[in-house]
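>
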Amino acid sequence: MSVREFTFGKTGDGREVAAFEIKNAGGASITVISYGAILQSVLVPDAGGALRDVALGYDAVEPYEANPNYFGATIGRSGNRIAGAAFTLNGKRYQLAANENDNNLHSCPDGYNFRLWDGKAGEDGLSVSFRLHSADMDQGFPGAFDVTVTYALSEDNAVSITYDGISDADTVANMTNHSYFNLKGAGCGDIYDHFLTICADGYTPVDAKSIPVGTVAPVEGTPFDFRTAKQVGRDADLPCEQLSFTGGYDHNFAVNGEGMRQAAELFSAESGIVMKVLSDLPGIQFYAGNFLSGPAGKGGAAYPVHGGLALETQYYPNSVNEPAFASPVLKAGERYFTRTVYAFGVKAG
Ligand code: GLA
5 MSVREFTFGK TGDGREVAAF EIKNAGGASI TVISYGAILQ SVLVPDAGGA
55 LRDVALGYDA VEPYEANPNY FGATIGRSGN RIAGAAFTLN GKRYQLAANE
105 NDNNLHSCPD GYNFRLWDGK AGEDGLSVSF RLHSADMDQG FPGAFDVTVT
155 YALSEDNAVS ITYDGISDAD TVANMTNHSY FNLKGAGCGD IYDHFLTICA
205 DGYTPVDAKS IPVGTVAPVE GTPFDFRTAK QVGRDADLPC EQLSFTGGYD
255 HNFAVNGEGM RQAAELFSAE SGIVMKVLSD LPGIQFYAGN FLSGPAGKGG
305 AAYPVHGGLA LETQYYPNSV NEPAFASPVL KAGERYFTRT VYAFGVKAG
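If you count the sequence shown from 1, position 310 lands on 314 in the numbering used here, and the numbers rise without skipping.
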């Protein structure tokens, strides 16, 4: 196990971006970069033992400075949507940027995915940590928030992402990773043939602007039933108001149980690669890459619509404004600590 550090490139304004490759004894590796604390590649063995890069992304800094799809991105301070781009905390109203309809999406336009993080290889030889100081009122959020995101790769091909932060005032903390996976390999067609399981009896229906209406609806009898493995494309084009609101799957699922547990599993019969998603958070956003666009990807690859899917662990979208949902409020001086694991393996079709 080793970490190799090298220069990935420079930002448009001349700042150096570091890359860190973590490789295990079996040859699997991940590369993470200090720009956006982005997971840039995930090379894992397929059923025949050949390595495939299963994460969508870019070869250079420049496309990450736009990154319209948020490939590999660390999202913060609060992922997904906040209705009306505003919330009230301790009786005070806070305004964020309205960057999608009237709402805020992914704390952008000045998201953590566009910051240069302070990266450092772990002494354990299997991890890399990125630190960020987010000032009081950064993006409109109260409290100075100091956060470290640590990526680690295990000998058995599990990628873990740990978020460890603290704020000096009550704030909202709801970070996620926005990697898109294609288990045939990034650039190898679409993911409609992948088998997906989501460990959720319920999901959060949305309005026409993708804001949850505040209920958890049963998945049973709907296209959102992924309780047993189902090909992503099987029900994707069924007539369904929820799917028409979002142009395809782009919904939060209420993951069964609590604590660290399995939230989802993805499998490609073509490669034999399987990925389990484990999380300690209440929700997971399944986004089927309905609007993938932008410049060519790694190695000049074209990523078509549905060329990858994201499984973003999270507090439910708009939970800061929705009392029925678990709260993403982080109290002053308390530790923000959460972990997501993408565990890779192979199995027979
Ligand atoms: C999340 C959202 C989607 C989309 C992507 C980024 O998954 O729910 O609607 O905005 O991020 O492209």
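Here a beta-carbon is modelled for each residue, glycine too, at the ideal position from N, C-alpha and C.
Predicted, not measured: the structure shown is a model, and the values here were computed from it.
Distance check for T15 and E66, CA to CA, integer angstroms please.
Each residue's Cα considered, the two are about 7 Å apart.
> Give the straight-line distance between the Cα atoms of R265 and K351, rounded to the nearest whole angstrom.
The alpha-carbon atoms of R265 and K351 are separated by roughly 21 Å.
> Going along the chain, which residues of its own chain have a beta-carbon closer than 7 Å to the beta-carbon of P125, five neighbours each way excluded?
The sequence given here places Ala at residue 125; Pro does not occur at that position. Answer for A125: V7, E9, F24 and V132, listed in chain order.
> Only counting runs of 3 or more residues, tell me where the beta strand (DSSP E) segments fall wholly within the segment 247-329, in order along the chain.
If we require 3 residues or more, the beta strand (DSSP E) runs fully inside the segment 247-329 come out as 254-258, 265-271, 277-283, 287-291 and 313-318.
> How close, in whole Å, do the beta carbons of Y340 and F329 come, if the pair is a contact with beta carbons under 8 Å?
Not quite, the Cβ-Cβ distance comes to about 17 Å (not below 8 Å), so this is no contact.
> Does the beta carbon of S214 fall short of 8 Å from some heavy atom of the ligand GLA?
At least one heavy atom of the ligand GLA is nearer than 8 Å to the Cβ of S214, so yes.
> Would the beta-carbon of N322 fall within 9 Å of that of A87?
Yes, the Cβ-Cβ distance between N322 and A87 is below 9 Å.
> Tell me whether the segment 288-297 and the segment 212-221 touch, counting them as touching only if at least three CB pairs, one residue from each stretch, are closer than 8 Å.
Flag = no, the segment 288-297 and the segment 212-221 do not touch.
> Can you tell me whether DSSP reads G142 as helix, strand or coil?
In the sequence as displayed, the identity of residue 142 is Asp instead of Gly. Helix.
> I need the straight-line Cα distance from R343 to G349, nearest angstrom please.
Spanning the two alpha carbons is a distance of roughly 19 Å.
> Just the Cα atoms here: how many angstroms apart are H310 and P243?
Spanning the two alpha carbons is a distance of roughly 18 Å.
> Are I195 and G304 touching if we call contact CB-CB under 9 Å?
Not a contact, by the Cβ cut-off of 9 Å.
> Note down the Cα distance separating A173 from Q235, rounded to an integer number of angstroms.
Answer to the nearest angstrom: the Cα atoms are 45 Å apart.
> Going by C-alpha distance, which of I26, L47, G40 and G261 is nearest S275?
Residue L47 is the option with its Cα nearest to S275.
> Given this structure, state the Cα-to-Cα distance separating H182 from Y74, to the nearest angstrom.
Roughly 6 Å separates the two Cα atoms.
> Would you give the residue range spanned by the alpha helix (DSSP H) that Y68 belongs to?
Counting along the chain, the alpha helix (DSSP H) containing Y68 begins and ends at V65 to Y68.
> Taking the alpha carbon of A240 as the point to measure from, which residue in A101, V278 and H198 has its own alpha carbon closest?
Closest option to A240, Cα to Cα, is H198.
> At the level of alpha carbons, what is the spacing between A89 and M5?
Whole-angstrom Cα-Cα distance: 44 Å.
> Using 9 Å as the limit for Cβ to Cβ distance, is A177 near chain B?
This model lacks chain B altogether; it includes just one protein chain.
> Where does G115 sit, in a helix, a strand or coil, going by DSSP?
Here G115 sits in coil by DSSP.
> What are the boundary residues of the beta strand (DSSP E) that includes V21?
Residues E20 to K27.
> Considering only the alpha carbon of each residue, which of S283, G115, G237 and G287 lies closest to F257?
Minimum Cα distance to F257 is reached at G287.
> Which whole-angstrom value is the C-beta distance of V58 and Y39, which I expect to be below 8 Å?
Their Cβ separation, rounded to whole angstroms, is 21 Å, which puts V58 and Y39 out of contact at 8 Å.
> Can you have a look at K302 and say buried or exposed, based on whether 16 or more other CB atoms are within 10 angstroms of its CB?
K302 should be labelled buried.
> How many Å lie between C203 and A233 at the Cα?
Computed Cα separation, rounded: 10 Å.
> Under a Cβ-count criterion, where at least 16 other Cβ atoms within 10 Å of its own Cβ denotes burial, should K2 be classed as buried or exposed?
With the chain represented from 5 up to 353, any question about residue 2 goes unanswered, as that position is not in the structure.
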